[in-house]
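Data first, discussion second: the structure below is written as structure tokens.
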Amino acid sequence: MRLSFLEITNVRNLQHVSIDPNPRTNFIVGPNGSGKTSFLEAISLLSNGRSFRAPDAKKLIRKEAKEFVVFSTVYSERFGTARVGFSKDTAGNTTARIDGKTQNRVSALAKLVPSISIDTTSIELIEGGPSSRRGMLDWGMFHVEHSFMEIWIHYRDSLRQKNALLKHSKSIKVSDLRHWNSVMARYGARLHKERCAYADVLEQQLNRILSAYFDVHEPVQLRYRPGWPMDQVPDFADCLNIKVETEVERRSCLYGPHRADLDILWQGTLAKDICSRGQKKLVLYGVRLAQIALMIERTGVSPLILLDDLPAELDQKNIKNVIRFLKEFPCQAFITAINDQSITDEILSSLEEHKMFHVEHGTFTETR
131 MRLSFLEITN VRNLQHVSID PNPRTNFIVG PNGSGKTSFL EAISLLSNGR
181 SFRAPDAKKL IRKEAKEFVV FSTVYSERFG TARVGFSKDT AGNTTARIDG
231 KTQNRVSALA KLVPSISIDT TSIELIEGGP SSRRGMLDWG MFHVEHSFME
281 IWIHYRDSLR QKNALLKHSK SIKVSDLRHW NSVMARYGAR LHKERCAYAD
331 VLEQQLNRIL SAYFDVHEPV QLRYRPGWPM DQVPDFADCL NIKVETEVER
381 RSCLYGPHRA DLDILWQGTL AKDICSRGQK KLVLYGVRLA QIALMIERTG
431 VSPLILLDDL PAELDQKNIK NVIRFLKEFP CQAFITAIND QSITDEILSS
481 LEEHKMFHVE HGTFTETR
């Protein structure tokens with residue numbers, strides 16, 4: 131997967147940017163506030179309709195502008211060449227287009243233009259709550275398991291319907307929930323099974339990546355917790371039936387994959403509790419690079435890699451390790467840094483091809 135042309139209009143402080151990226155490695159260098167992260171956010175918008183920084187894409191519209199537009203010519207190993215566009219206006223209207231055809235779902239962009247980002251907030255995967263880890267698992271399965279999207283949509287919709295009944299009905303009978311419990315049980319069990327299988331293969335890939343690229347040989351374990359007391363009630367459908375009165379009393383969906391978590395264990399202890407900050411970052415990079423390697427292995431498609439302020443996140447040794455991964459896997463990467471001194475000549479000379487862009491006040495200049 132690669133972008134051969136990229137045009138950004140009115141994303142944060144980027145009034146108009148038009149570049150031809152290198153098909154492999156691209157460095158975007160400039161001071162804080164110059165537009166580096168906004169550039170990566172624009173690619174993220176093109177990929178999945180969301181920024182990795184701001185949940186509300188409307189807030190990314192440049193001040194005094196009526197809409198933002200991101201456009202690219204892309205090449206996908208699976209789908210060939212396509213023209214892709216994504217826009218949002220101040221009224222909240224969103225448009226996603228592929229080869230001029232409006233798409234009903236933004237997920238069509240995600241399939242065509244997969245991307246994975248690592249920035250300063252990504253450490254939440256290790257230190258934060260369960261939602262970031264569920265999101266990581268679901269991103270991976272969306273891109274490697276053909277059946278995942280259908281399962282996830284059915285489960286999400288049944289969860290919403292059941293929650294609406296619990297929260298907004300003045301009086302609820304247990305019988306009112308039977309239908310939605312049945313749907314949740316059917317698709318929730320399948321979602322649980324697929325997440326478990328993905329976590330298993332991701333753990334294997336993670337330890338290979340940590341050993342091969344970061345000289346980490348202590349085994350890291352990924353232990354999936356399903357979101358219901360499986361040790362007491364192994365079957366999800368049985369759990370929903372047994373706990374239904376508790377859910378009615380508390381007017382909330384208390385059990386299921388939407389409550390799941392993934393324990394990331396270093397030497398048998400939660401990484402967030404035992405690891406140093408540096409070790410946590412290595413585990414974070416290990417997980418995300420393992421997802422990239424697994425996606426390429428399973429599908430033949432390589433996602434775009436967006437690394438925000440890489441020199442601030444890793445030391446020079448591990449920056450070189452990440453660059454070595456990028457050399458060995460066929461990915462297009464966009465890497466930001468505050469100054470070009472942090473991207474050493476040794477790093478640049480190790481790359482067969484790259485481009486470097488300097489950005490100042492939202493204006494991009496190709497420097498080498």
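Yeah, the sequence shown ends on 498 if you go by the working numbering, and it's all consecutive. In this text, a Cβ means the ideal position worked out from N, Cα and C, and glycines have one as well.
- A distance below 7 Å between beta-carbons, with the five flanking residues on each side excluded, links Ala329 to the following residues of its chain, in chain order: Leu267, Leu352, Tyr354, Leu392.
- Look at Gly386 here: in three-state DSSP terms it is coil, with no helix or strand label.
- Out of His298, Asn311, Ile191, the CA that lies nearest to the CA of Ile138 is found in Ile191.
- Burial is judged here by how many other beta carbons sit within 10 angstroms of a residue's own beta carbon; Cys405 has at least 16 and is buried.
- Phe464 sits in a strand when the DSSP states are folded into three classes.
- Taking every protein chain shown into account, the CB of Asp186 has fewer than 16 other CB atoms within 10 angstroms, so this residue is exposed.
- Judged by their CB atoms, Phe135 and Pro151 are nearer to each other than the 9 Å cut-off.
- Within the segment 158-224, the beta strand (DSSP E) runs of at least 3 residues that lie entirely inside it are, in chain order, 197-206, 210-219.
- With respect to the 9 Å criterion, Leu444 and Gln462 are not classified as neighbours on the basis of their beta carbons.
- A direct Cα-Cα distance of roughly 7 Å separates Arg264 from Ala390.
- Remark: C-beta atoms of Gly430 and Arg132 do not approach each other more closely than 9 Å.
- For Trp396, the pairing in a beta bridge is given by DSSP as Val350, Thr399.
- Relative to Val313, the option among Leu296, Ile283, Ser177 whose CA is nearest is Ile283.
- The beta-bridge partner set that DSSP reports for Thr232 consists of Arg227.
- Among the bridge pairs identified by DSSP, Ile248 is matched with Leu437.
- By the C-beta density criterion, Val304 is exposed, having fewer than 16 other C-beta atoms within 10 angstroms.
- By the 16-neighbour rule on beta-carbons within 10 angstroms, Gln397 is exposed.
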